[in-house]
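Structure, as structure tokens:
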Amino acid sequence: MIKAIVGANWGDEGKGKITDMLSQEADIIIRFQGGSNAGHTIKNSYGKFALHMLPSGVFYDHTTSILGNGVALNIPYMTDEIRSLVEKGVPEPKILVSDRAQVLMPYHILFDEYEEERLAGKAFGSTKSGIAPFYSDKYAKIGFQVQELFMEETALREKVERICAMKNVLLKHLYKKPELDPDRIMETLREYRDMVAPYVCDVSAFLSDALRDGKSILLEGQLGALKDPDHGIYPMVTSSSTLAGYGAIGAGLPPYEIKDIITVVKAYSSAVGGGAFVSEILDKEEAEELRKRGGDGGEYGATTGRPRRVGWFDAVATRYGCMIQGTTEVAFTVLDPLGYLDEIPVCVQYDIDGELTGRFPSTAKLEKAKPVFKKLPGWKCDITGIRKFEELPQEARDYVDEIERLIGFPITYVSNGPAREDIIKRTPKL
1 MIKAIVGANW GDEGKGKITD MLSQEADIII RFQGGSNAGH TIKNSYGKFA
51 LHMLPSGVFY DHTTSILGNG VALNIPYMTD EIRSLVEKGV PEPKILVSDR
101 AQVLMPYHIL FDEYEEERLA GKAFGSTKSG IAPFYSDKYA KIGFQVQELF
151 MEETALREKV ERICAMKNVL LKHLYKKPEL DPDRIMETLR EYRDMVAPYV
201 CDVSAFLSDA LRDGKSILLE GQLGALKDPD HGIYPMVTSS STLAGYGAIG
251 AGLPPYEIKD IITVVKAYSS AVGGGAFVSE ILDKEEAEEL RKRGGDGGEY
301 GATTGRPRRV GWFDAVATRY GCMIQGTTEV AFTVLDPLGY LDEIPVCVQY
351 DIDGELTGRF PSTAKLEKAK PVFKKLPGWK CDITGIRKFE ELPQEARDYV
401 DEIERLIGFP ITYVSNGPAR EDIIKRTPKL
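Quick note on the UniProt record's numbering: the sequence shown kicks off at 1 and runs consecutively.
Structure follows, in structure tokens:
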């Protein structure tokens with residue numbers, strides 16, 4: 001059976017924690033898109049970790065963790081992450097890398113930095129991890145698949161020189177930066193070949209066998225539905241599909257085998273980078289109060305350390321995110337930080353040019369949207385450590401029940417603390 005774990009919103013919903021929990025009963029965990037541009041924060045018996053390349057199931061010795069063909073494979077980042085886990089006492093994970101995965105090159109990071117610098121005030125708020133240039137090259141067919149690292153060197157050199165000729169025109173005339181050296185690129189590719197060699201696998205064949213043998217498989221997504229390049233807040237989106245439907249493509253699996261889509265939803269809203277954010281808290285002091293209390297150690301990017309924009313729960317955006325993901329069940333996370341509030345605003349509709357709507361619009365209309373809030377009673381206490389839904393304060397239960405009603409999808413998990421154990425199984429009312 002295949003389960004997909006994906007986000008409903010802008011990312012940072014807590015997917016890593018849910019993946020870590022569900023990996024206990026899984027055989028295989030697969031990252032199917034994205035790269036080191038976003039991190040999944042996990043707290044368990046080994047300590048606190050921010051994973052950027054590796055799947056969040058690497059802490060169990062019975063699992064196989066896979067980087068699928070859809071990822072932006074930063075090879076040094078991957079090997080450094082494996083080494084750092086082992087140094088902190090985690091058993092060395094079993095890692096497989098698809099021979100069809102594309103390699104993120106150092107010059108992708110440089111082009112990302114140069115473009116953000118060139119755009120200045122109109123920049124996209126990139127993490128400068130090379131993601132957009134990487135995917136541009138992939139679809140322009142001038143990237144490198146892992147399998148190409150092992151090809152005959154004369155053919156590889158020919159491709160490198162062709163790519164450098166194209167890139168150097170931009171570097172010289174658009175960015176006014178140093179040009180690429182084919183010799184240095186070849187040296188990097190050889191280093192990457194040696195680093196990745198122990199992990200390379202025909203992943204689609206491996207997964208076909210695993211399905212035949214009845215293995216349990218988790219697909220772990222990065223970011224959330226609103227950052228999808230097709231269905232999100234374009235152009236302020238990421239460069240690979242964040243949807244569960246892409247999991248089949250980015251891992252090499254039959255789409256009909258994905259039986260359960262667990263969409264992770266945050267009890268309030270947060271976002272890194274630019275783009276429309278209707279329910280954002282604009283008062284700086286009010287926003288900072290929630291930011292400091294939020295998440296595990298506050299709402300700051302696991303990759304960049306940048307303070308996240310924060311806002312109240314957006315039922316319009318979340319209902320859309322769940323719909324577009326094909327949600328079968330919802331994991332509702334970081335409920336505990338809201339315990340300081342007397343009342344909790346929830347965005348239930350948008351006001352666009354004087355018309356109220358409950359539907360999430362395309363970006364041009366979204367930019368004009370104003371939130372319509374409904375206030376729910378707060379519970380004014382610390383709920384961390386409570387293990388049964390029935391033992392939560394009535395107001396906290398009412399809040400979850402109302403969110404479930406507003407989004408129209410069943411909430412089966414409620415997270416109320418930073419640890420793996422701080423997840424309550426809930427019987428949905430829908």
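Virtual Cβ for every residue (Gly too), placed ideally from N, Cα, C. Fair warning: this is a prediction, and the values are worked out from it, not measured in the lab.
In this structure, the straight-line span from the alpha carbon of V203 to that of R212 is close to 14 Å. For Q349, no alpha helix (DSSP H) segment is defined; the enclosing uninterrupted segment is the beta strand (DSSP E) at 343-352.
Pairing L22 with V264, the inter-Cα distance amounts to about 13 Å. Per DSSP, the continuous alpha helix (DSSP H) segment holding K159 begins and ends at 153-173. The alpha carbon of K429 has as its nearest neighbour, out of K172, E404, D27, the alpha carbon of E404.
Beta bridge pairing from DSSP links L96 with I66. The three-state reading of DSSP puts E280 in strand, counting E and B together. Pairwise C-beta distances place the segment 382-402 in contact with the segment 331-349, as three or more of them are shorter than 8 Å. Considering only K159, I262, P133, V90, the residue with the shortest C-alpha distance to P182 is K159. By the CB criterion at 8 Å, F111 and A72 fall outside the cutoff. Per DSSP, A205 is one residue of the alpha helix (DSSP H) stretching across 203-212. In this structure, the straight-line span from the alpha carbon of A140 to that of Y107 is close to 16 Å. Each residue's CA atom was taken as its position, placing G245 and P255 some 7 Å apart. Look at L51 here: in three-state DSSP terms it is strand. Annotation for S269: the continuous beta strand (DSSP E) segment containing it runs 269-271. Comparing alpha carbon positions, the residue from W10, A4, N9, K15 closest to R420 is K15. Excluding five sequence positions before and after N168, the CB atoms of its chain that fall closer than 8 Å to its own CB belong to E179, L180, given in chain order. A distance below 7 Å between beta-carbons, with the five flanking residues on each side excluded, links T357 to the following residues of its chain, in chain order: Q349, Y350.
Across the set K215, F150, E161, the C-alpha of K215 shows the shortest separation from the C-alpha of M1.
As summarised for the segment 209-264, the continuous alpha helix (DSSP H) elements at least 4 residues long and confined to that stretch are 244-251, given in chain order.
At the C-beta level, P371 and I383 stay beyond 8 Å of one another. Per DSSP, the unbroken alpha helix (DSSP H) holding E87 starts and ends at 75-87. Apart from sequence neighbours up to five positions away, the residues of its chain that approach G224 with a beta-carbon distance below 7 Å are G7, A8, N9, W10, G11, E13, T242, G321, ordered along the chain.
Note that the C-beta distance between L218 and K3 is below 8 Å. Here DSSP, grouped into helix, strand and coil, assigns P377 to strand.
P198 counts as exposed, since fewer than 16 other C-beta atoms from the protein chains shown sit within 10 angstroms of its C-beta. Just measuring C-alpha positions, the residue of R359, R83, S279 sitting nearest P345 is S279.
If you ignore the 5 residues before and after G294, its C-beta comes within less than 6 Å of the C-beta of P337, all in its own chain and listed in chain order.
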